Amino acid sequence: RISNVVQKITPRGTSRPDWMIATELSIVMGADIGVSSLEDLSEKLVGTVAAFAPSSDAKSTNGDGVLMARETPVTISGKAVKAVDRNAYNYRLVVSRTMYDTAQSTVASPSLVGIITDSAIFVNPLDLARIGVVEGASVRVGADGTNIVIAIKAHNGVRRGSAWLPFNHRGVDIRPLLNIASDVVDVRIEPIK
Numbered sequence: 007r008i009s010n011v012v013q014k015i016t017p018r019g020t021s022r023p024d025w026m027i028a029t030e031l032s033i034v035m036g037a038d039i040g041v042s043s044l045e046d047l048s049e050k051l052v053g054t055v056a057a058f059a060p061s062s063d064a065k066s067t068n069g070d071g072v073l074m075a076r077e078t079p080v081t082i083s084g085k086a087v088k089a090v091d092r093n094a095y096n097y098r099l100v101v102s103r104t105m106y107d108t109a110q111s112t113v114a115s116p117s118l119v120g121i122i123t124d125s126a127i128f129v130n131p132l133d134l135a136r137i138g139v140v141e142g143a144s145v146r147v148g149a150d151g152t153n154i155v156i157a158i159k160a161h162n163g164v165r166r167g168s169a170w171l172p173f174n175h176r177g178v179d180i181r182p183l184l185n186i187a188s189d190v191v192d193v194r195i196e197p198i199k
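Heads up: the sequence shown at position 70 corresponds to 76 in my numbering, and the numbers run straight through without jumps.
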């Protein structure tokens, strides 16, 4: 028996630039865009799109992108912004992803059993006494009129006055607490009595 042996995978380092791929795609689709080099593409772009006219010099085709001359000098100015005072009872919420998603294949994976845990909010161990709870107790976490009930745990990596809330875990949906229009979210953590 004789079999043809050919390389199926392109070796590393043989990738092609986007403009070359676009040119080949246009030829396959029956509409040749008339570009055979990066210089041709730059000339066509400068001639077609008025916004790219300042980039007609040779520098624009060499280097890491299009270099455009600015007709007017740019000045950057700013004004001092007064930071809003924080309520001493609130905790600055830090949200991060420890699980990529909550897909069934992720949740049911035997290899991820130790990683996928129930939702919990983490605070500095010294903040537990300030809140008046013990580790593992359920607390009410609220922000902007929205509350969730979640377990609280201590973590030495969390700074005092902050609360870390990982998402994509089982149990509690934390999305109602998040305000995407706000730069920061402060939450109130209260014991459930």
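We put the CB at the ideal spot given by N, CA and C, even for glycine. Note that the structure is a prediction, hence the values are computed from the model and not measured.
With the rule of 3 Cβ pairs closer than 8 Å, the segment 90-109 counts as touching the segment 177-194. Following the DSSP letters along the chain, one finds K159 inside the beta strand (DSSP E) bounded by residues 152-160. For V190, no alpha helix (DSSP H) encloses it, and the DSSP letter there is neither H nor E. With fewer than 16 neighbouring CB atoms inside 10 Å of its own CB, V80 falls in the exposed class. Taking 9 Å as the cut-off, the Cβ atoms of V113 and I198 do not count as close.
Distance between D124 and N10, taken at the CA atoms: about 54 Å. The Cβ-Cβ distance between E141 and A169 does not fall below 9 Å.
In the DSSP assignment, G120 falls outside any alpha helix (DSSP H) and carries neither an H nor an E. Closest in C-alpha terms to Y106, from the list N174, V55, S32, V12, comes N174. In this structure N130 is not in contact with R181, their Cβ atoms being roughly 24 Å apart against a cut-off of 8 Å. Scanning V12, I33, P172, V41 for the CA closest to the CA of T108 turns up P172.
With contacts defined by Cβ atoms closer than 9 Å, I195 and I127 form a contacting pair. The Cβ atoms of A149 and N185 sit closer than 9 Å to each other. In this structure I154 is in contact with V147, their Cβ atoms being roughly 5 Å apart against a cut-off of 8 Å.
The Cβ atoms of I158 and L134 lie closer than 9 Å to each other.
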